[in-house]
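Read the structure below first, then the notes.
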Amino acid sequence: MLIGRSWLIDFEYLPGRPQARQVFFDVGTAGSTGPVFRRVLPALLFAGGPSSLSIKGGTHVPWSPVPEYLEGVFLRAVRPMGFEVSLKCTGADIILPGRLA
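In structure tokens form, the structure reads like this:
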């Protein structure tokens with residue numbers, strides 16, 4: 026449907042039930058891993074079994090949640106809901122302005 030100069034597209038997404046599995050994301054460059062973690066975690070929590078999530082990318086990126094926040098605040102709020110979740114950061118790097126990853 027065309028309204029004025031903009032297109033409106035109807036989109037329907039009907040996902041199946043999440044499945045327990047090992048998931049790996051490579052964000053690429055120094056893109057932040059925190060937002061990926063927060064978007065994927067809910068699906069894995071309701072997957073019906075143990076899952077693991079590995080994310081490769083930037084850990085300390087401006088305006089994004091760092092691993093210390095995810096562990097100390099975000100997961101601290103999730104665990105009382107009955108979920109067993111742990112976070113392990115195997116390496117951290119700070120990308121300075123003008124420096125390529």
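Per the working numbering, the sequence shown starts with residue 26, numbered consecutively. Ideal Cβ positions, reconstructed from N, Cα and C, are used throughout, including at glycine.
C-alpha gap between residue i and residue j, whole angstroms
i      : j      : result
Val110 : Ile34  : 38 Å
Val86  : Arg46  : 28 Å
Met26  : Gly41  : With a pLDDT of 49 at Met26, under the threshold of 50, the predicted position of this residue should be treated as unreliable, and no value is reported.
Leu78  : Glu96  : 14 Å
Pro67  : Gly73  : 12 Å
Arg101 : Leu112 : 11 Å
Short Cβ contact (8 Å threshold) for residue i with residue j
i     : j      : result
Ser76 : Val52  : no
Pro90 : Phe99  : yes
Gly82 : Ala117 : no
Phe71 : Pro105 : no
Ile80 : Phe50  : yes
Beta-bridge pairing of residue i - partner residues as DSSP gives them
i     : result
Gln44 : None; Gln44 has no bridge partner.
Check your understanding: Unbroken beta strand (DSSP E) runs of length 3 or more, entirely within the segment 39–115: which are they?
Key -> 47–51, 77–81
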